[in-house]
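Just so you know, we're using full-length UniProt numbering here: the sequence shown kicks off at 1 and counts up by one. C-beta atoms are modelled at their ideal positions from N, C-alpha and C, and glycine is treated no differently. Since we're looking at a predicted model, the values are computed, not measured. The next block holds one structure in the form of C-alpha cells; read it before the comments.
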Amino acid sequence: MGAVRKVVSYLGLGGIDQYDEGYDDDGHYEDEYVPATERAARRWRANVDSSRIVMVQPLKYNDAPLIGQHFRDGQTVIMDVTGMPMPEATRMVDFAAGLAFGCEGRIERIADRVFLLAPAHVEIETTQ
C-alpha cells in the first residue's frame, strides 16, 4: 500500500468498508410523535386579560427584550418604530416577525412603521 493510501486510510477518507458485524434491532422505539403546534399551543396558552394592549416605542434595538416579554406574557403589542433609524427599525421588525412566528402569533402593519403583534389567542378583524 502506498504512503498516500495509508494516510487516506488513517484519516478515514478512504472508501467505506463493509461492516463485519450484523445490525441488532433492540426493539426500542421513540414515543409517539406530538406535532409542534400542539406543544406550542400548550406552552403559550395565556391566562391574561386579552383586552390589554401595550404600546411600545423603541428607540434602539436593545429595547427588543421589552417587546418580547410583553408578547410572551400574552399581551397584544403595538410597536411604533418611527423614532428609530431605518436599519435598526428593519432589525426590530425582523425580530418582531420571528417572535410572532415562534409564539404562533401574528404581526400586522397598521400604519407606516407601526406594527401590531397579536398573540395566538387574539383575533384580528380587518375591515375595508
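Through-space distance from residue j to residue i, alpha-carbon basis
{"i": "residue 90", "j": "residue 97", "result": "11 Å"}
{"i": "residue 108", "j": "residue 82", "result": "16 Å"}
{"i": "residue 128", "j": "residue 80", "result": "23 Å"}
{"i": "residue 52", "j": "residue 75", "result": "6 Å"}
Residue nearest to residue i in terms of C-alpha spacing, selected from the options
{"i": "residue 87", "options": "76, 106, 59 and 125", "result": "59"}
{"i": "residue 119", "options": "100, 92 and 61", "result": "100"}
Local conformation of residue i per DSSP, three classes
{"i": "residue 84", "result": "coil"}
{"i": "residue 90", "result": "helix"}
{"i": "residue 99", "result": "helix"}
{"i": "residue 6", "result": "helix"}
{"i": "residue 67", "result": "helix"}
The beta strand (DSSP E) enclosing residue i, as first and last residue numbers
{"i": "residue 106", "result": "106-111"}
{"i": "residue 124", "result": "Residue 124 -> no beta strand (DSSP E), and no H or E assigned at all."}
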